[in-house]
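Trainee:
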Ligand code: HEM
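Numbering (this note's numbering), first residue to last: -12 to 192.
(1) By the 10 Å Cβ neighbour count, where 16 or more other Cβ atoms means buried, how is residue 128 classified, buried or exposed?
(2) Taking DSSP as the reference, what is the three-state secondary structure of residue 72?
(3) What alpha helix (DSSP H) runs, 4 residues minimum, are completely inside the region 117 to 179?
(4) Using only alpha-carbon positions, find the residue among 125, 79, -9 and 62 that is nearest to residue 26.
(5) Just verifying my parser: in three-state terms, what is the DSSP assignment at residue 21?
(6) Compute the Euclidean distance between the alpha carbons of residue 40 and residue 182, then round it to the nearest angstrom.
(7) Measure the C-alpha to C-alpha separation of residue 177 and residue 64 and round it to an integer number of angstroms.
(8) For the ligand HEM, any of its heavy atoms closer than 6 Å to the Cβ of residue 135?
(9) Candidates 138, 168 and 117: which alpha carbon is nearest residue 152's?
(10) Could you check if residue 4 belongs to the surroundings of the ligand HEM, using beta carbon to heavy atom distance under 6 Å?
(11) Just how far apart, CA to CA, sit residue 101 and residue 107?
(12) From residue 44 to residue 175, what distance separates their C-alpha atoms?
(13) So the alpha helix (DSSP H) residue -9 belongs to, where does it begin and stop?
(14) Please state whether DSSP places residue 55 in a helix, a strand or coil.
(15) Can you have a look at residue 139 and say buried or exposed, based on whether 16 or more other CB atoms are within 10 angstroms of its CB?
Structural data, given as structure tokens:
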């Protein structure tokens, strides 16, 4: 019997990867993006970006827990979808929101410091996305893995960016904090699962 070209997980990952973008474009074309469509695109793309980053971080620990060998093979695609939505998010901010008016952006950055954290996270994501091709994996060898450890820095930056985007002041949290706490908790759990003693225990399960 001929082997299937794509596995079910591969189809699921790519379906889940493109669906939010298709949905966003559909809502945009049908004028279904709230009274503030630019903010809606910014918020939705931001959430999708962090969600895919966490999915990609979850692959290795879940593979150990569930003994599911295919999961780590899908980590790269999930990370790339995270980058895709981060790029939509950033492009929306710079182009749609500010029309590339650097003076206005600079004024806003001075009052919303969370933007700086998002910008650092995005700059750190760039080399990861650029080297996600097989060519670079081969060329960089062990350094590819080292470079991709940047995700351990990017994740906390994005989580704090998320917290602050919602509240503006981390020390003064109030109101709509459920989502940032949920994502923050998941990020901490996924990063803890990578600590060598915990990782060792998991691989014995
Ligand atoms: C140059 C880089 C970035 C800029 C300028 C930026 C800008 C913004 C702005 C202005 C908001 C507030 C949107 C609003 O509620 O009005 C926001 C929220 C957010 N951003 Fe970013 N961001 C950047 C990078 C990132 C990255 C790299 C990620 C994820 C990988 C991210 C994830 C989020 C999330 C999850 C939110 C909260 C969305 C919500 O309110 O539901 N951002 N960002």
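All C-beta atoms, glycine included, are put in the ideal place defined by N, C-alpha and C.
Mentor: Quick look at the numbers:
(1) Exposed.
(2) For residue 72, the three-state secondary structure derived from DSSP is helix.
(3) Counting only runs of 4 or more residues that sit fully inside the region 117 to 179, the alpha helix (DSSP H) segments are 121 to 127, 129 to 134, 138 to 154 and 165 to 179, in chain order.
(4) In terms of Cα proximity to residue 26, the closest of 125, 79, -9 and 62 is 79.
(5) Coil.
(6) Approximately 18 Å between the Cα atoms of the pair.
(7) Straight-line Cα distance between these residues: approximately 18 Å.
(8) False, no ligand heavy atom lies under 6 Å from that Cβ.
(9) Residue 152 has its Cα closest to that of 168, out of 138, 168 and 117.
(10) False, no ligand heavy atom lies under 6 Å from that Cβ.
(11) If I take the Cα positions, the gap works out to 10 Å.
(12) In a straight line, the C-alpha of residue 44 is about 11 Å away from that of residue 175.
(13) Counting along the chain, residue -9 falls outside any alpha helix (DSSP H), and DSSP gives it neither H nor E.
(14) Assignment of residue 55 by DSSP, reduced to helix, strand and coil, places it in the coil class.
(15) Per the 10 Å Cβ criterion, exposed.
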